[in-house]
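Protein chains in written order, with this note's numbering: chain A, 628 to 927; chain B, 5 to 272. A virtual CB, placed ideally from N, CA and C, is assigned to each residue, including glycine. None of the values given here were measured: they were computed from a predicted structure. The block underneath contains the structure these notes are about, expressed in structure tokens.
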């Protein structure tokens, strides 16, 4: 649909702009302000220039070391959950029943974990994984595995990852399912006539048609896992040691735990910048994918 | 045709994987603490409603649900109210800076809550809204307003422009057209957007916890604070958890066909 150029449309958008600016620009300005200063309590502030940023990017300092370590952990975490959730989500979407009442039941059960408050997700897995009272922890231990997410780093990581897979794989599956449903039956009939194998159908028809939703899924999952806070915080509290302290957890520790405003603000800005860059990629992909589709059809 | 071998087994196993931890929570919520700690039972052998009774009779518990629902509802109303005209504007018109504005909105939807926790704390303390439902409701607007705009924009774009033009030719004023014609046409879209605003506000903890201390404390904060302070009362914790799942579980049924669209910001 061609849009009409009309500057009066700004009046329609103004309320949104006002509300979001109030809760985005004002706080962000305080962050920029703090990031240049140092405080020793008593509301006394001292100019510190770009000192915090230098420290942040230098792994030999305390702040830089903590930031880069948590950043590394967070990227590793995001990579692992993407590697599990995306293929699993595709498989689940392909396994969805085709019609009948089971479709609705599957959709509702799939969506269930997505609607649970994040701290309750943490609580569920905290309880489920405990060796004394949780089904998972108890079963693993009686099978002879020495599983304890409170004291063992590997077990803590495994728990946090399985929890995230439990929580968010449905999102990938639902998006892929929506993509699959948009494929007209004629495509499958043509493939059948050509005698295409199951794998060929997946590669030549289903995967290209899921391209767009998969991209959305990957980017959403990347960004949400990159900001993860509540669930691991409830389950492991960032421990044992610092082994599951992701960037958000580190940031809240510095900001609200130690009230180190300058350091926290500098970290926030760098963190936000990373998100902004990924977000820009996401936006470009989504708007381009939308613009490309009619053009391609016209060409073919 | 578009199925894979063993699909029934795969989907069944996956659904069991999803339901098992939830079952365990429900199971524990009907047990006494003595049963939880001493024995490993797959279902409650002495089922009790004591945990639920305590939540519904103790004000420090049930007030948490009321507080949560209050800010969630305020947030949903604000988000939809401001997002509706904006969605129409973005969908129908081109104007100076529209693409940048749209991107800026999206970037706020994606911004980490942890970044805003401290500045929000300062901001809402300064304007005396700290520890009120309004603080949390306004804070949650940062991700819900953009979400609502994105979802509604998709639905408004599905309404043919001819309808607008016909209405204006028939002498409808803009506000009257908006309320009488457009809103009923995208009613399902408004429902979906409201559901997602409700949901994302309901599941968020970090900002809700940071911006409240006593009077407006949400249920999620009560679960983390009270329980750890008074020693672990697992049955009570489980019951409180089950009660937070129920609102979402009830409403999913109505939006099951739109759920993918909502999570993809209206882009499926």
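Rounded to the nearest whole angstrom, the C-alpha separation of residue 681 of chain A and residue 79 of chain B is 39 Å. In this structure, DSSP gives residue 677 of chain A a state outside helix and strand, which the three-state scheme calls coil. C-alpha of residue 741 of chain A to C-alpha of residue 198 of chain B: approximately 16 Å in a straight line. Using a CB distance below 8 Å, the part of the segment 78-92 of chain B facing chain A consists of 82, 85, 86, 87, 89, 90, 92, ordered along the chain. In the structure shown, residue 218 of chain B adopts coil according to DSSP, grouped into three states.
Closest in C-alpha terms to residue 761 of chain A, from the list B:41, B:143, B:110, B:210, comes B:41.
Spatial neighbours of residue 227 of chain B in its own chain (CB-CB distance under 6 Å, excluding positions within 5 residues in sequence) are listed in chain order as 244. It is roughly 36 Å from the alpha-carbon of residue 240 of chain B to the alpha-carbon of residue 802 of chain A. Annotated as proximal: residue 895 of chain A and residue 878 of chain A, with beta-carbon spacing under 8 Å.
For residue 675 of chain A, no chain B residue has a Cβ inside 9 Å of its Cβ, as the nearest lies near 17 Å away.
Separation of the CB atoms of residue 69 of chain B and residue 140 of chain B is rounded to 14 Å, and the pair is thereby denied contact status at 8 Å. Any Cβ of chain A closer than 8 Å to the Cβ of residue 47 of chain B would place that residue at the interface, and such an atom is absent. Nothing from the segment 693-709 of chain A brings a Cβ to less than 8 Å from some Cβ of chain B.
In the DSSP annotation of this structure, the continuous segment of the beta strand (DSSP E) that includes residue 665 of chain A starts and ends at 664-666.
Taking 8 Å as the cut-off, the beta carbon of residue 865 of chain A is found no closer than this to the beta carbon of residue 857 of chain A. The DSSP assignment places no complete beta strand (DSSP E) segment of no fewer than 3 residues inside the segment 233-271 of chain B. Rounded to whole angstroms, the Cβ separation of residue 214 of chain B and residue 222 of chain B is 11 Å, and the two are not in contact under 8 Å. Secondary structure at residue 856 of chain A: coil, using DSSP grouped into helix, strand and coil. Scanning its chain for C-beta atoms nearer than 8 Å, with the 5 sequence neighbours on each side dropped, one finds around residue 82 of chain B the residues 141, 142, 145, 149, in chain order. At a cut-off of 8 Å between beta-carbon atoms, residue 827 of chain A makes no contact with chain B. Shown here, residue 861 of chain A sits in a helix according to DSSP, grouped into three states. Look at residue 632 of chain A here: in three-state DSSP terms it is strand. Around the beta-carbon of residue 753 of chain A, 16 or more other beta-carbon atoms lie within 10 Å, marking it buried. At the C-beta level, residue 722 of chain A and residue 873 of chain A stay beyond 8 Å of one another. For residue 893 of chain A, none of the residues of chain B pass the 9 Å Cβ criterion, the least Cβ distance being about 11 Å.
The DSSP-derived three-state label of residue 97 of chain B is strand. DSSP lists no bridge partner for residue 202 of chain B. 8 Å or more divides the Cβ of residue 264 of chain B from the Cβ of residue 29 of chain B. Taking C-beta atoms under 8 Å as the contact rule, residue 715 of chain A and residue 766 of chain A fail to qualify, at a distance of about 22 Å.
Within chain B, the C-beta atoms nearer than 7 Å to that of residue 875 of chain A come from 116, 118, in chain order. Within chain B, 120, 123, 124, 127 have C-beta atoms less than 7 Å from the C-beta of residue 654 of chain A, given in sequence order.
In terms of CA proximity to residue 34 of chain B, B:46 leads the group B:46, B:23, B:24.
With at least 16 other beta carbons inside 10 angstroms of its own, residue 880 of chain A counts as buried. In the DSSP annotation of this structure, residue 778 of chain A is not part of any alpha helix (DSSP H), being labelled neither H nor E. The segment 118-136 of chain B and the segment 158-174 of chain B do not touch, with fewer than three beta-carbon pairs separated by less than 8 Å. Counting every other CB atom within 10 Å of its CB across the protein chains shown gives residue 64 of chain B a total below 16, marking it as exposed.
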